[in-house]
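One structure below.
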Amino acid sequence: MFDTLNEEQKKAVLATEGPVLCLAGAGSGKTRMLTHRIAYLLERGVDPYNIMAITFTNKAAGEMKERVDRLIGENGGSIWITTFHSSCVRILRRYADRIGYDNNFSIYDTDDSKSVMRDVCKRLRIDTKILRERAILSAISGAKDELVPPDEFRARAAGDFRMGRIAEAYDEYQKTLKSSNAMDFDDLIMKTVELFKADGEVLDSYQKRFRYIMVDEYQDTNTAQFQLIRLLAGEKGNLCVVGDDDQSIYKFRGANIRNILDFEHYYPDATVVRLEQNYRSTRNILDAANAVISNNVGRKDKSLWTDKDKGEQIHLKLFDNAYEEAEYIASEIGRRGRKDPGEFGNCAVLYRTNAQSRMLEERFVYEGIPYKVVGGVNFYSRREIKDILAYLRTIDNARDDLQVKRIINVPRRGIGATTIAKVQEYADAYALSFYEALERADEIPSLGKAASKLTAFVSMIRVFRSKLEVMTLDKLVRVIVDETDYMSEFDSETDEEIEGRIENIDELINKIVAFYEVNPEATLGDFLNEVALVADIDEVEEGVPRALLMTIHSAKGLEFDHVYLAGMEDGLFPSDMTITSDNPQDIEEERRLAYVAITRAKETLTLCYARTRMIRGETRYNAPSRFVREIPEILLDNRVAKPRREEEPSPGISDSFARKPYSSPYEIGSGRKPVAVPGKKETPASVKPYIAGGGLGSLSALGVTKGPGPVGGVKGGKPDYDIGDRVRHVKFGEGLVTDLEPGPRDYKVTVDFDEVGQKVMYAAFAKLEKIEI
DNA sequence: TAGTTGGGTTTTTTT
DNA sequence: AACCCAACTA
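Be aware that the first sequence starts at 392, since it is given in this note's numbering, and climbs by one per residue.
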C-alpha cells in the first residue's frame, strides 16, 4: 500500500503518535500522505471512530473520504472527515443546550448578520454613515476569531470612542442572535470552544473519542480554530497538522500564520516532516513559482523541486483591454476543447476578483464553451433561495425573528413597516419572540384591521408545518411557491430574470431530493444544516468536462493541466489596497496568492494582462503585475511590455513596496501615501498612467508624456480635435465631437457615436483618435 | 403601503 | 458599473 510514497511521505504516515508538523509544499502529495496515514492507522487496528480529519472545504472532505474508502474498502464511514465549521455544528447540535442555546439553533450567513446589525445600529442610534455595519461586523468577526467575548472587547476598548461603540454593538448583536437562537459562522467555532471550556464532561468525551486528529491547510487556521484543536487533542494528543506557510492566503478572515510558524514552539517534541518534491507542475512552472515566492521574507525556508521536464515556457500575453483578454482566453480554451472535449475540464481561468468573471463568462458563452463560474454570489444567498429557505426556517424554528421578518411581506401581503414595528413593540413589552407576538395579533390593540393579515400569515405557516407531516420537503417547497404566489414578487422583472429565478428554485428542489436520497431519515433541520455551510467550490462536480472560472482563493487545493491567470496588473493583482498599505505583510500575502495561483498549473500556464481595464466604472491604465516581473525572463515566451520610461527598476525587485511604481497626482513630490481628497470624487486626473516604475514625481505620472501616450488626451492642454471633428474610440467606435469644454482638471468632451449614441467623457482617458477626412 | 428616484458608497479575497 | 438606502410621490 505504501509503495507509492516517497521517504518523507512515509515518515509522516508512520509518525502516528505525538504531535507532527508536516510542511507540505504545493503539489507535494499531502492528500496522498493524509489518506495513507488514515489507512495506516486503520490497518494498525485503530477504530475509525477515533479518527478525525479536518479539511478546508466540504469538497476536499468528500474527496478524502473517497480516497480513504478506495484504499481500505468501505469502512471509513465513522471517521469524521469534515471542515471546522461542520464539525462544530455537529458538536453543537448535540450540546448547545449546555451553553444556553437550543440544539436546533439557526446558522446565520453574512447576509443575515448584516440585517441583524442594521437593526442593532438603529436601536443603539449608531450613525451608519460614520460607522458602517460592515466595519462593525468585521471588527466583531475579528474578535470572535480571537475568542474575545463582548465584555472583554468592551474592556479593551476603554477610552476609545469608536471601539466603545463597536463594543456596544457587539454586545447587542450577540444578545439578538441568542434570543433568535442563532449563531453566525464565527460563533460556530467560538461557541464550541466555549462549550469545551465550560463543560469538562463534554470535552472529555470528545478527547476520548478523537485520539488521532489531522488538520489540513493548517496555515489558514485562526486562533479560535487552533484553540479548538488544542483542546481536542489534549496534552498528549496525536495531532498531525499539514500546511504550507507559503500558501497562507486567508489573513482577512482571521487566519493566523503564527499557528504554523510557531507549531514547534507549542509542541517542542513535534516530529517535523518536509514534503518538498512537487509532483504536479512542470519545472518551468515550478521555477516561476519559486522565483516569485522567494521575494517574501519571514517564511520557513524550503525549496520545492521536481524531476519533471521543463515543459512549455510560460505564456505571457498583453492586451489592450479586458475584453480582448477575455476573447483570447476563451478562444484558446475553445481551441483546446475542439481538439478534445475532455480538455475543457482540464482548463481553469483564475483571477483576483469576482468582478472579472463577467466579461470572461460572456466570451465563454459566445464561443459555446462548457464552463462554470465558481463563487460570486453563492447559490444559497440568492434572493429567491434565501426567501424559500426563510419559509423553511420559520417552519422549523419560529424563534428566528429574522427569517420571519424576511418573509412576512414576501410576496406582498400588505404588511408594512408600521405594522411590523407595532408587533415588535408588543413582543418587546411581553418578552416574546416576534412570531409569538404574531400569534397573538388579535390581542394587539394598535393594529386595527392589519391584525387579520397577520393571523392569516400565522395560520398559513401552521398549515405548511402540518403538511410536512404528510409530504416530502421538495413537495412542500412547491406548495409554498404556489400557495403564496411567490413568483408575483418578481412581476417587474424581465422574462430572463424570472426564468433564472425559477431555475434556481428548481435547482433547490433537486438538491432537496438528492439530499433525502442520501439521508432518508433526515429532518428539515438536518437539511437546513447541510445547506448553511456549503461553499461554492463544494458544488463543483467531478468528471464533468467544463472549464472553471474562479478566484484564486477558490482555486486553493485544486490543480489543472492548463491555467490562465487573468488580470496580472499592479492595482488589480496585487490590489491597490495592498500596494498603498504601509504594512509590508499585506503585499506578502498577495504574493503568496500569486504563488498559489501559479502552482495550480500542471502543464501550461498563461499569464494575461491588459493595458486598460474598467474597475468600478473607471478606466484604469495599469502596469504589468510586479509578480509577473518577478518571474525570470527565461521562463517566459514573451517580454514584459516595456514601460514608457526607461528609468524603471528591473524585474525581480523584492523591495517593491519600498518604492511605489507609480503615484497618484495627489502625492507627487510629497512621497507620502496618497490621501483621498475629502468631498471630492476622484477626477480623471488620477488615472494611473501606463508606466511601470515611473517613480515619484515622474512627469509621466501626470500623463504629460510625449509620444505614444493617450492620443489627444494631453491633460492641461487642449486635445488635438475640436467640435465638429470625427474621432475614434477604442470601445465605442467612431463618432462626432459635439461639445468640448474645459473642466477643473481636464477637458470634457461630448461625442455622438455612430453605434452607441452620445457619451460625455474626459479627454485624458477617453483616448480619442482624430480621424482626418 | 408601494413604487420610484436620486444620491452616495463600494469589494479584494470567504467558511 | 452595481448596489443600497432614504426620501419622495402616487
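For each residue, glycine too, the CB sits at the ideal point set by N, CA and C.
With 16 or more neighbouring CB atoms inside 10 Å of its own CB, isoleucine 852 falls in the buried class. Secondary structure note for asparagine 895: its alpha helix (DSSP H) is the uninterrupted segment 886 to 909.
Put simply, the backbone Cα of aspartate 637 is about 47 Å away from that of aspartate 886. Glutamate 932 carries a coil assignment under DSSP once its states are collapsed to helix, strand and coil. By the beta-carbon neighbour count (other beta carbons within 10 angstroms, threshold 16), methionine 392 is exposed. Under the three-state reduction of DSSP, glycine 958 is assigned to coil, being neither helix nor strand. Per the coordinates, the alpha-carbon of tyrosine 955 lies some 5 Å from the alpha-carbon of valine 740. Looking at the DSSP output, lysine 763 bridges to Leu939. Considering only Gln565, Val411, Glu1024, Asn1029, the residue with the shortest C-alpha distance to proline 659 is Val411.
The Cβ atoms of isoleucine 517 and leucine 996 lie no closer than 9 Å to each other.
In this structure, leucine 433 lies away from valine 507, with their beta-carbon atoms at least 9 Å apart. Residue environment: serine 879 is assigned as exposed (fewer than 16 neighbouring CB atoms within 10 Å of its CB, all protein chains considered). Going by beta carbons, isoleucine 720 and glycine 702 fall outside the 9 Å limit.
Rounded to whole angstroms, the separation of the alpha carbons of leucine 462 and histidine 427 is 8 Å. Under the three-state reduction of DSSP output, aspartate 637 falls in the helix class. Within the segment 467 to 545, the complete beta strand (DSSP E) runs of at least 3 residues fall at 471 to 474, 497 to 499. Within the same chain, Asp562 come within 8 Å of aspartate 542 by CB-CB distance, once the 5 residues on both sides are set aside. In the DSSP assignment, histidine 944 forms no beta bridge with any residue. In this structure, tyrosine 877 lies near isoleucine 779, with their beta-carbon atoms less than 9 Å apart.
Residue state for lysine 450 is assigned as helix, using DSSP reduced to three classes. DSSP, read as helix, strand or coil, puts phenylalanine 552 in helix. Burial is judged here by how many other beta carbons sit within 10 angstroms of a residue's own beta carbon; threonine 875 has at least 16 and is buried. Taking a cut-off of 8 Å for Cβ pairs, the segment 958 to 965 and the segment 999 to 1006 touch, as three or more such pairs fall below it.
Listed in chain order, the alpha helix (DSSP H) runs fully inside the segment 772 to 803 are 774 to 787, 792 to 798, counting runs of at least 4 residues. Leaving aside the five residues that flank leucine 528 on each side, the residues in its chain whose CB is nearer than 7 Å to its CB run, in chain order, Ser504, Lys505, Met508. Judged by DSSP secondary structure, threonine 846 falls within the alpha helix (DSSP H) whose first and last residues are 841 to 861.
DSSP, read as helix, strand or coil, puts leucine 949 in coil.
Distance from the CA atom of isoleucine 889 to the CA atom of tyrosine 499, rounded to whole angstroms, is 26 Å. Contact holds between the segment 805 to 813 and the segment 838 to 847, because three or more Cβ pairs, one in each stretch, are under 8 Å apart. Closest by C-alpha distance to threonine 501, out of Phe576, Met443, Ser570, is Phe576.
Contact check for leucine 939 against valine 931 passes: the beta carbons are separated by less than 9 Å.
Per DSSP, aspartate 973 has no beta bridge partner at all. In the DSSP annotation of this structure, lysine 1109 is not part of any beta strand (DSSP E), being labelled neither H nor E. Annotation: asparagine 687 to aspartate 973 spans about 16 Å, alpha carbon to alpha carbon.
Taken in chain order, the complete beta strand (DSSP E) segments of 3 or more residues contained in the segment 587 to 665 are 603 to 606, 629 to 634.
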